[in-house]
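Sequence order for the protein chains is H and E. Sequential numbering of the first sequence, starting at 16, is according to this note's numbering. Sequential numbering of the second sequence, starting at 90, is according to this note's numbering. Ideal placement from N, C-alpha and C gives every residue a C-beta, glycine not left out.
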Amino acid sequence: MLSKGLKRKREEEEKKEEEGLSVDSWWLDQGHPAAAQTPPPVASSSLFDLSVLKLHHSLRQGEPDLRHLVLVVNTLRRIQESMEPTTSLPPVSMPPTAPSVADSLLASSDAALSASMASLLEDLNHIEDLNQVPQPQADEGPPGRSVGGVPPNLGALDLLGPATGCLLDDGLEGLFEDIDTSMYDSELWVPASEGLKPGPENGPAKEETPELDEAELDYLMDVLVGTQALERPPGPGR
Amino acid sequence: MPVNTKRQDTWKGIVQRSDIISTVEFNYSGDLLATGDKGGRVVIFQREQENKGRTHSRGEYNVYSTFQSHEPEFDYLKSLEIEEKINKIRWLPQQNAAHFLLSTNDKTIKLWKISERDKRAEGYNLKDEDGRLRDPFRITALRVPILKPMDLMVEASPRRIFANAHTYHINSISVNSDHETYLSADDLRINLWHLEITDRSFNIVDIKPANMEELTEVITAAEFHPHQCNVLVYSSSKGTIRLCDMRSSALCDRHAKFFEEPEDPSSRSFFSEIISSISDVKFSHSGRYMMTRDYLSVKVWDLNMEGRPVETHQVHEYLRSKLCSLYENDCIFDKFECCWNGSDSAIMTGSYNNFFRMFDRNTRRDVTLEASRENSKPRACLKPRKVCTGGKRKKDEISVDSLDFNKKILHTAWHPMESIIAVAATNNLYIFQDKIN
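Laid out in structure tokens, this is it:
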């Protein structure tokens, strides 16, 4: 159903170009007067797909361009808001409850997408923190630094678990069919430092978090606590 | 305005490189022009001394020094290669015969000393002229070595390496007016360094959220005020500029001034945020204004007015209806730089199809010029170009759909005092002089 919509939209666009129209309004925000003339959900979903592809491509880079990533994510959120104006986007989403199939697809893609975006961004956070451990930092953190940030992070990892289950929902295959889903299966929390790679390979592997054994969790806590102490450099007054 | 801009004969001076130029910067006197490229090399051009006997070479820029500033590195922890591409070069004010500049890649800043050697010592006691050590027992008399002239040699040596202070990619460096400190900015943090101290830096701005899920904005550029050593500005991906005063607190997370233009509701689109992302911020030489470059326009701000810019110049408004295609091919994420002329009366920025734009702030006139060998002959005046946006295309106009988006001019520089500009077109450097008589 979605792919059929895509095809129609492209033909419409080509016709528009032949007629010499310089403005294609289908991608405009729904508040724009010109947008009223266009079929919004189909057009938005095409831009949505493109943005999702960009997001995943960006995350596949060894070290993602943060500016590019943030701009694409923000654009995606804007598109999502226009596609589902009544749905708010919590960082951790509940399973979809919309009645129609199309709505549930979009809603579950919201949940899946925001969960995957959240988990991927969270990954960047952890990877950067963990990798700062052995580096001789030019700036040192003060001793006895607060490590209050650690438990909430792990909590977020746990919470993301059920939401990412939506990614494996059969109904979303059309949306992610050209995405390599093996990235959801890799193991992130390997104690050896060589296993710590940022990017989609390790991103949404949060679903494996509940299976971490205590030894690995303890190790992780130690590393994060040690890293947090080095994380924030002092200012001149500190 | 440079209606009579002539392209000087750059065929022998131009550097045809396989590497894409990634930064261009004149030094404080304008006699030296430094370029950095994707391969980590720095090439410095020097302006020839004016010689009345040879008019053709008057004021030409020729290669002065070439050196490898950064090498590709491998971060073993992250299993990532760190690119050697030079993101920025900034000159230090000259204090003696040598020249100093800062060059940076994504992670490491280096201070380079460029010095000339035109004499060498001859007549050593302990070694022969060819360098072989002499047998001490055979030395029967002592002599004083004498200095003899030699062919000019320009040496570049790394004097300081400022490393391990940036987790994210460095996008800006800026030398302070105190000539002792400088800042380096990455996507989320700005650090303050002392030029003499490499093992530590102070973090003065940190916008990293406690939870990366909440990350919605990054730092895109930063610069020190040209005269007030306590003032700096940084721009963001959301089109805002924050001015910080280092006297108010050690950490400048809270800004002293916040510059943002309200969004025009009639032009709102899914791409509004992307095109509002500021790619460059530059103070005017006077220090009273600053200029920002976003995707479609250049804005001049009065530092005393935070609510809106005092001037907005459209660079290529005809691209507004093509934003979706530009999003698709990622061109919408291109980061164009901008620059002031020496008197702050004109500003310049690049565009696509090897076009660059100049705006005269006094006469309100603007011109589009092209940096290409095919379309301009040596010593001929550059012809103004025009892009046709619709309807019937006039002769010499180029239609929007014919623009080459692979030919982008991202980096330009203006001589600090004269009407000389440097324009980097992918892997070619063009130097233009305005010779209005």
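Next on the checklist: Just to confirm, is the Cβ distance from lysine 263 (chain E) to alanine 339 (chain E) under 8 Å?
Outcome noted: The sequence position of residue 263 (chain E) within the second sequence is 174, counting from 1. The sequence position of residue 339 (chain E) within the second sequence is 250, counting from 1. In the sequence on display, residue 263 (chain E) carries serine and not lysine. Taking 8 Å as the Cβ cut-off, serine 263 (chain E) and alanine 339 (chain E) do not qualify as a contacting pair.
Next on the checklist: If I measure Cβ to Cβ from serine 204 (chain E) and keep anything under 6 Å in the same chain, skipping five residues before and after, which residues do I get?
Outcome noted: The residue labelled residue 204 (chain E) in the question sits at position 115 within the second sequence. Same-chain partners within the cutoff: Ala187, Glu244.
Checklist entry - Is leucine 62 (chain H) buried or exposed, if buried means 16 or more other CB atoms sit within 10 Å of its CB? => result Position 47 of the first sequence holds residue 62 (chain H). That one is buried.
Checklist entry - Going by other Cβ atoms of all chains shown within 10 Å of its Cβ, with 16 needed for buried, is aspartate 233 (chain H) buried or exposed? => result Along the first sequence, read from residue 1 onward, the residue named residue 233 (chain H) stands at position 218. So aspartate 233 (chain H) ends up on the exposed side.
Next on the checklist: Along the chain, where does the alpha helix (DSSP H) containing isoleucine 94 (chain H) start, and where does it finish?
Outcome noted: Within the first sequence, numbered from 1, the residue matching residue 94 (chain H) stands at position 79. Run containing isoleucine 94 (chain H): 81-98, per the alpha helix (DSSP H) assignment.
Checklist entry - Does any C-beta atom of chain H lie closer than 8 Å to the C-beta of aspartate 369 (chain E)? => result Walking along the second sequence from the start, residue 369 (chain E) turns up at place 280. For aspartate 369 (chain E), the answer is no, since every Cβ of chain H falls outside 8 Å of its Cβ.
Item to check | Nearest-angstrom Cβ-Cβ length linking glutamate 172 (chain E) and aspartate 195 (chain E), presumed shorter than 8 Å | outcome: Along the second sequence, read from residue 1 onward, the residue named residue 172 (chain E) stands at position 83. Along the second sequence, read from residue 1 onward, the residue named residue 195 (chain E) stands at position 106. With a Cβ gap of about 6 Å, glutamate 172 (chain E) and aspartate 195 (chain E) count as contacting.
Item to check | Inter-residue CB distance, aspartate 383 (chain E) and serine 366 (chain E) (contact presumed, cutoff 8 Å) | outcome: Taking the first residue of the second sequence as 1, we reach residue 383 (chain E) at position 294. Taking the first residue of the second sequence as 1, we reach residue 366 (chain E) at position 277. Contact holds; Cβ gap of about 6 Å.
Checklist entry - Could you give the C-beta distance for glutamate 400 (chain E) and threonine 501 (chain E), rounded to a whole number, given that I count them as a contact under 8 Å? => result Residue mapping note: residue 400 (chain E) aligns to position 311 of the second sequence, counting from 1. Residue mapping note: residue 501 (chain E) aligns to position 412 of the second sequence, counting from 1. That belief does not hold up - the Cβ atoms of glutamate 400 (chain E) and threonine 501 (chain E) are roughly 18 Å apart, past 8 Å.
Checklist entry - Using a beta-carbon distance cut-off of less than 7 Å, what residues from the region 65-88 of chain H approach chain E? => result Leu65, Gly77, Glu78, Leu81, Arg82, His83, Val85, Leu86
Item to check | Below-8 Å beta-carbon distance, phenylalanine 422 (chain E) vs any chain H residue | outcome: Taking the first residue of the second sequence as 1, we reach residue 422 (chain E) at position 333. By this cut-off, phenylalanine 422 (chain E) is an interface position.
Checklist entry - Using a Cβ-Cβ distance under 8 Å, would valine 162 (chain H) count as near chain E? => result Sequence index remark: in the first sequence, residue 162 (chain H) carries index 147 (1-based). Confidence at valine 162 (chain H) is low in this model, with a pLDDT of 35, below 50, so the placement of that residue should be treated as unreliable; the coordinate-derived value is given next. Not one chain E Cβ lies under 8 Å of valine 162 (chain H).
Checklist entry - Are the beta-carbon atoms of proline 540 (chain E) and phenylalanine 372 (chain E) separated by less than 8 Å? => result Here chain E comprises residues numbered 90 to 526, so residue 540 (chain E) is not present and cannot be evaluated.
Checklist entry - Within 10 angstroms of its Cβ, does tyrosine 257 (chain E) collect 16 or more other Cβ (buried), or is it exposed? => result For the purposes of this step, residue 257 (chain E) is taken as the residue at position 168 of the second sequence. By the neighbour-count rule (16 or more Cβ atoms within 10 Å), tyrosine 257 (chain E) is buried.
Item to check | CB contact below 8 Å: leucine 239 (chain H) versus chain E | outcome: Here residue 239 (chain H) corresponds to residue number 224 of the first sequence, with the count starting at 1. So, not an interface residue.
Checklist entry - Distance, Cα to Cα, aspartate 275 (chain E) vs leucine 190 (chain E)? => result As a position in the second sequence, residue 275 (chain E) is number 186, starting the count at 1. As a position in the second sequence, residue 190 (chain E) is number 101, starting the count at 1. In a straight line, the C-alpha of aspartate 275 (chain E) is about 19 Å away from that of leucine 190 (chain E).
Next on the checklist: What does the Cβ neighbour count give for methionine 437 (chain E), buried or exposed, with the cut at 16 atoms within 10 Å?
Outcome noted: As a working note, residue 437 (chain E) is residue 348 in the second sequence. The residue is buried, with at least 16 neighbouring Cβ atoms inside 10 Å.
Item to check | Reduced DSSP category for glutamate 349 (chain E) - H, G, I as helix; E, B as strand; rest coil | outcome: Working through the second sequence from its first residue, we reach residue 349 (chain E) at position 260. In the structure shown, glutamate 349 (chain E) sits in coil (DSSP, three-state: anything other than H, G, I, E or B).
Checklist entry - According to the neighbour-count rule (16 or more other Cβ atoms, all chains shown, within 10 Å of its Cβ), is threonine 155 (chain E) buried or exposed? => result Translated into positions along the second sequence, residue 155 (chain E) becomes position 66. With fewer than 16 other Cβ atoms within 10 Å, it is exposed.
Checklist entry - According to DSSP, which residues form a beta bridge with isoleucine 133 (chain E)? => result By one-based count along the second sequence, residue 133 (chain E) stands at place 44. DSSP lists E:Ala123, E:Ser154 as partners of isoleucine 133 (chain E).
Checklist entry - By the criterion of Cβ-Cβ separation under 9 Å, what are the contact partners of phenylalanine 226 (chain E) in chain H? => result Mapped onto the second sequence, residue 226 (chain E) falls at position 137. By Cβ distance, chain H contributes nothing, its closest Cβ being about 49 Å from phenylalanine 226 (chain E), past 9 Å.
Item to check | The alpha helix (DSSP H) enclosing cysteine 413 (chain E), as first and last residue numbers | outcome: Taking the first residue of the second sequence as position 1, residue 413 (chain E) is located at position 324. Residues 412-417.
Checklist entry - Should serine 434 (chain E) and arginine 450 (chain E) be called a contact, given that it needs their Cβ atoms to be closer than 8 Å? => result By one-based count along the second sequence, residue 434 (chain E) stands at place 345. By one-based count along the second sequence, residue 450 (chain E) stands at place 361. Contact flag set, yes.
Checklist entry - Does DSSP classify tyrosine 384 (chain E) as helix, strand or coil? => result Position 295 of the second sequence, counted from the start, is the residue given in the question as residue 384 (chain E). Residue state, collapsed to three classes: coil.
Next on the checklist: Considering Cα atoms alone, identify which of E:Ser414, E:Lys202, E:Phe134, E:Leu281 is closest to asparagine 185 (chain E).
Outcome noted: As a first step, residue 185 (chain E) must be located in the second sequence, where it is residue number 96. If we check each option's Cα against that of asparagine 185 (chain E), E:Lys202 comes out closest.
Checklist entry - Considering only C-alpha positions, which residue in the set E:Lys481, E:Phe360, E:Leu392, E:Asp353 is nearest to valine 370 (chain E)? => result On the second sequence, residue 370 (chain E) is found 281 positions in, with the first residue counted as 1. Among E:Lys481, E:Phe360, E:Leu392, E:Asp353, the Cα nearest to that of valine 370 (chain E) belongs to E:Leu392.
Item to check | Proximal residues to asparagine 442 (chain E) (C-beta, below 6 Å), its chain only, five neighbours per side dropped | outcome: In the second sequence, counting from the first residue as 1, residue 442 (chain E) sits at position 353. Once the five neighbours on either side are set aside, the close Cβ partners of asparagine 442 (chain E) are Leu492, Asp493, Lys496.
Next on the checklist: Is the beta carbon of aspartate 126 (chain E) closer than 8 Å to that of isoleucine 178 (chain E)?
Outcome noted: Residue numbering aside, residue 178 (chain E) sits at position 89 when the second sequence is read from its first letter. Residue numbering aside, residue 126 (chain E) sits at position 37 when the second sequence is read from its first letter. Taking 8 Å as the Cβ cut-off, isoleucine 178 (chain E) and aspartate 126 (chain E) do not qualify as a contacting pair.
Checklist entry - Just how far apart, CA to CA, sit proline 473 (chain E) and serine 375 (chain E)? => result As a first step, residue 473 (chain E) is located in the second sequence; it is residue number 384 there, counting from the start. As a first step, residue 375 (chain E) is located in the second sequence; it is residue number 286 there, counting from the start. Their Cα atoms are separated by approximately 29 Å.
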